[in-house]
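>
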């Protein structure tokens, strides 16, 4: 009997962690989880048929998010990581309420580390239109430390620029200068990259922001939160073998593989195209 | 009896024309149809929940297109105008085969006028990634005149730049120069704007291309084709009153109204958000 329970436990702990994003930006988070927890089985889900989320309505982003959560639950994941700032900003609370397994978003980990790193408490946040409009970052920063002053700027062109490979050169430089001018008179000492695409241009953002501004990328911090949460709940995989990785997309996007391999710095295998919009509708 | 038939005919001719696009670019076409046929009832459909199409796969674009066609058929339209180059490039033939009412795409009208305007037969085409990859423009140009030499360049950043209002200034200039450099050694005398967003930056494209290059915007030409086809089939509305306009979107996008009114140069009313993805699935 003991051994049967043990086997059951083992199987249960071997269940994958589900990580999702509207497209490929979440691979920056996925990659850090892979580094922090090499023996965990991982599923990455990219909603490539409906990407991007950042300029759509909160209602539709919530709907898409819940469809993906349903899909990942059907994959029997042991934890869900919302590796998309827009989805986290709009639907994190709702997802947390809906499901019983642990859920980690990218906003809380970013706010925790930003609050720790900032000396002046004047923190900038850049993200998509609806992430900024949601006010989720200022709200969470204030929850961590009510004395924090948060300043936001939406940067809608950064995502298409990254997706199209404009990660260096005059054009991205000009766009970054135009957007970050917003902070010129705000005297921030810390800037949160509130979109999972932005780490790919963090050197440009850092240069334009100047040496006095620390750049916060939530990917690493999110991976740490995943590790801690799994550890605290006794959910870490006991296996010593390298975990399996599966990728689900809603569209067979060529961009995804081309840029995804750049994100992950390795070949991508086990890619499958799935539908999710009929799960809720049935 | 005669008057009943007449009334029935009248009702049938008053059926709307359905115009659709992935987002708001097709409003450039819609606007020209409005001008050319002020008494026609018009429906505009924008798939704002899944925009943009240009970097997605042909398979998903075909699926989305057929879903919209089904929706418009359910609205009892008398004609469908595919006011999206990507959808036209990928699915025009399939739509034409599937439905009995007339269908007009944006590619044939553009090719007809480009072929007429070009003196050297050396024609450039700019469009989204999958419009270019589909080869639809070179194929149609060759069908019009086998002697034409077609040169293509995909310009994926133009759509987000227009959507974000970067329609003038240094950034759009630099991007245009980068993309249009492709034609430097091609000696084209005509350039087709193979995306319904591009008319909004046609002055920049014209300036960068130089005075020797004629710019072809298919919107006006498509509206002419709509008028001719309706006329030839006896389908023109007999009413002398200004037609009704309805707008269907799949997402309540704020961008759509803000930029849409810029496209149409007038207030937008009768906007409704609908679902289309369950029509095919049921």
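Chains as they are written, first to last, in my numbering: chain C, -19 to 262; chain D, -19 to 262. For glycine and all other residues, C-beta sits at the position ideal for the given N, C-alpha and C.
Assuming residue 181 of chain D contacts residue 151 of chain D (C-beta within less than 8 angstroms), just tell me the rounded distance between them.
As a first step, residue 181 of chain D must be located in the second chain, where it is residue number 201. As a first step, residue 151 of chain D must be located in the second chain, where it is residue number 171. Not really, about 11 angstroms apart at Cβ, beyond 8 angstroms.
> Which residues, taken in chain order from the stretch 15 to 39 of chain D, show a beta carbon closer than 9 angstroms to some beta carbon of chain C?
The stretch 15 to 39 of chain D vs chain C, Cβ under 9 angstroms: 28, 29, 30, 31, 32, 35, 36, 37, 39.
> According to DSSP, residue 129 of chain D sits in a beta bridge with which residue or residues?
Here residue 129 of chain D is taken as the residue at index 149 of the second chain, counted from 1. Beta-bridge pairing links residue 129 of chain D to D:102.
> Can you tell me where the alpha helix (DSSP H) holding residue 51 of chain C begins and where it ends?
For this step, residue 51 of chain C is matched to residue 71 along the first chain. 38 to 54 is the span of the alpha helix (DSSP H), which, as asked, contains residue 51 of chain C.
> What residues of chain D sit near residue 233 of chain C, judged by a beta carbon separation below 8 angstroms?
On the first chain, position 253 is the one that residue 233 of chain C refers to. Going along chain D in sequence order, the residues near residue 233 of chain C (Cβ under 8 angstroms) are 35, 36, 37.
> Let's test the definition: count the other Cβ atoms within 10 Å of the Cβ of residue 20 of chain D and tell me whether it reaches 16, buried, or not, exposed.
Here residue 20 of chain D is taken as the residue at index 40 of the second chain, counted from 1. Buried: at least 16 other Cβ atoms inside 10 Å.
> For residue 16 of chain C, which residues of its own chain have a beta-carbon under 6 angstroms away from its beta-carbon, when the five flanking residues on both sides are left out?
Position 36 of the first chain, counting from 1, holds the residue named residue 16 of chain C. Hits under 6 angstroms: 203, 207.
> Can you confirm whether the stretch 110 to 130 of chain C touches the stretch 115 to 134 of chain D when touching is taken to mean that 3 or more C-beta pairs between the two stretches lie within less than 8 angstroms?
No, the stretch 115 to 134 of chain D is not in contact with the stretch 110 to 130 of chain C.
> Just the chain C side, please: which residues come within less than 9 angstroms of residue 285 of chain D by C-beta, in chain order?
One cannot answer for residue 285 of chain D here, as it falls past the ends of chain D, which runs -19 to 262.
> Along chain C, which residues have their Cβ under 7 angstroms away from the Cβ of residue 144 of chain D?
Start at 1 with the first residue of the second chain, and residue 144 of chain D comes out as number 164. The contacting residues are 136, 137.
> For residue 67 of chain C versus residue 243 of chain C, is the C-beta spacing smaller than 8 angstroms?
Reading the first chain from its first residue, position 87 is the one you call residue 67 of chain C. Reading the first chain from its first residue, position 263 is the one you call residue 243 of chain C. Result no, Cβ atoms of residue 67 of chain C and residue 243 of chain C do not sit closer than 8 angstroms.
> Can you look up residue 59 of chain C in the DSSP assignment and give me helix, strand or coil?
Residue 59 of chain C sits at position 79 when you count from the first residue of the first chain. In the structure shown, residue 59 of chain C sits in a strand (DSSP, three-state: E or B).
> DSSP has residue 31 of chain C in a bridge; who is on the other side?
Here residue 31 of chain C refers to the residue found at position 51 when the first chain is read from its first residue. Paired residues: none, contrary to the question.
> Starting from residue 211 of chain D, trace the alpha helix (DSSP H) both ways and give me its first and last residue.
Translated into the one-based positions of the second chain, residue 211 of chain D becomes position 231. Segment 198 to 212, the alpha helix (DSSP H) holding residue 211 of chain D.
> For residue 217 of chain D, which option in D:159, D:6, D:22, D:245 has the closest C-alpha, if you only look at C-alpha atoms?
On the second chain, residue 217 of chain D is found 237 positions in, with the first residue counted as 1. When each option's Cα is compared against that of residue 217 of chain D, the closest is D:22.
> Is there contact between the stretch 221 to 239 of chain D and the stretch 25 to 44 of chain D, where contact requires at least three CB pairs shorter than 8 angstroms?
Taking a cut-off of 8 angstroms for Cβ pairs, the stretch 221 to 239 of chain D and the stretch 25 to 44 of chain D touch, as three or more such pairs fall below it.
> Compare the Cα-Cα distances from residue 92 of chain D to each of D:205, D:-5, D:-2, D:113 and report the closest residue.
Working through the second chain from its first residue, we reach residue 92 of chain D at position 112. Checking every option, the nearest Cα to that of residue 92 of chain D belongs to D:205.
> Grab the span of the beta strand (DSSP E) containing residue 22 of chain C for me, first residue to last.
Position 42 of the first chain holds residue 22 of chain C. Its beta strand (DSSP E) spans residues 22 to 26.
> Does DSSP put residue 260 of chain C in a helix, a strand or coil?
What you label residue 260 of chain C is simply residue 280 of the first chain in a count that begins at 1. Interpretation of residue 260 of chain C is limited by its pLDDT of 40, a score under 50 that renders its predicted location unreliable; the figure taken from the coordinates is listed afterwards. Of the three classes helix, strand and coil, the one that applies to residue 260 of chain C here is helix, per DSSP.
> Which value, in whole angstroms, describes the spacing of the CA atoms of residue 146 of chain D and residue 246 of chain D?
Here residue 146 of chain D refers to the residue found at position 166 when the second chain is read from its first residue. Here residue 246 of chain D refers to the residue found at position 266 when the second chain is read from its first residue. Each residue's Cα considered, the two are about 21 angstroms apart.
> With a threshold of 7 angstroms on Cβ separation, who are the neighbours of residue 137 of chain C within its own chain once the five nearest residues in sequence on each side are excluded?
To locate residue 137 of chain C, count along the first chain from 1; it is residue 157. The residues are 155.
> Against chain C, does residue 140 of chain D count as a neighbour if the rule is that its beta carbon must be under 8 angstroms from one of theirs?
Looking up residue 140 of chain D in the second chain gives position 160. True, the Cβ-Cβ gap to chain C drops below 8 angstroms.
> Going by beta-carbon coordinates alone, are residue 34 of chain C and residue 62 of chain C separated by less than 8 angstroms?
For the purposes of this step, residue 34 of chain C is taken as the residue at position 54 of the first chain. For the purposes of this step, residue 62 of chain C is taken as the residue at position 82 of the first chain. No.
> Among the residues of its own chain, which have a CB less than 6 angstroms from the CB of residue 194 of chain D, if the five just before and after it don't count?
Start at 1 with the first residue of the second chain, and residue 194 of chain D comes out as number 214. In chain order, 97, 170 place their CB closer than 6 angstroms to the CB of residue 194 of chain D, counting only its own chain and leaving out the 5 sequence neighbours on each side.
> Starting from the C-beta of residue 167 of chain C, find all residues in its chain whose C-beta is less than 8 angstroms away, skip the five residues before and the five after it, and write them out in chain order.
Against the first chain, residue 167 of chain C aligns to sequence position 187. Hits under 8 angstroms: 100, 102.
> Is the beta carbon of residue 31 of chain C within less than 7 angstroms of some heavy atom of the ligand HEM?
This structure lacks the ligand HEM, and indeed carries no ligand of any kind.
> Here's a check: name, in chain order, each residue in its chain whose Cβ is nearer than 6 angstroms to the Cβ of residue 209 of chain D, leaving out the five neighbours to either side.
Reading the second chain from its first residue, position 229 is the one you call residue 209 of chain D. Taking C-beta separations shorter than 6 angstroms and ignoring five residues to either side along the sequence, the partners of residue 209 of chain D in its chain run 82, following chain order.
> Considering residue 161 of chain C, what are the terminal residues of the beta strand (DSSP E) in which it resides?
Position 181 of the first chain, counting from 1, holds the residue named residue 161 of chain C. Per DSSP, residue 161 of chain C belongs to no beta strand (DSSP E) and is neither H nor E.
> Taking residue 127 of chain D as the reference, which of D:160, D:112, D:95 has the closest Cα?
Position 147 of the second chain, counted from the start, is the residue given in the question as residue 127 of chain D. Minimum Cα distance to residue 127 of chain D is reached at D:95.
> Which residue or residues does DSSP assign as beta-bridge partners of residue 173 of chain C?
On the first chain, residue 173 of chain C is found 193 positions in, with the first residue counted as 1. DSSP output for residue 173 of chain C lists C:106, C:197 as bridge partner(s).
> Is the stretch 52 to 60 of chain D close to the stretch 2 to 9 of chain D, with three or more CB pairs under 8 angstroms?
no
> In terms of alpha-carbon separation, which member of C:186, C:160, C:-3 lies closest to residue 52 of chain C?
Counting from 1 along the first chain, the entry for residue 52 of chain C is found at position 72. The candidate whose alpha carbon is nearest that of residue 52 of chain C is C:-3.
> Can the beta-carbon of residue 143 of chain C be found less than 8 angstroms from the beta-carbon of residue 235 of chain C?
Your numbering for residue 143 of chain C matches position 163 in the first chain. Your numbering for residue 235 of chain C matches position 255 in the first chain. Their beta carbons are under 8 angstroms apart, which means residue 143 of chain C touches residue 235 of chain C by this criterion.
> Spatial neighbours of residue 107 of chain C within its chain, please: C-beta separation below 6 angstroms, excluding the five flanking residues on both sides.
Taking the first chain and counting its residues from 1, the one referred to as residue 107 of chain C is at position 127. Exclusion of the five residues before and after residue 107 of chain C leaves 65, 174, 175 as the residues of its chain whose Cβ lies within less than 6 angstroms of its Cβ.
> In three-state terms, what does DSSP make of residue 134 of chain D?
By 1-based counting over the second chain, the position of residue 134 of chain D is 154. Reduced to three states, the DSSP call for residue 134 of chain D is strand.
> Would you list the one or two residues that DSSP bridges to residue 167 of chain D?
The residue labelled residue 167 of chain D in the question sits at position 187 within the second chain. Paired residues: none, contrary to the question.
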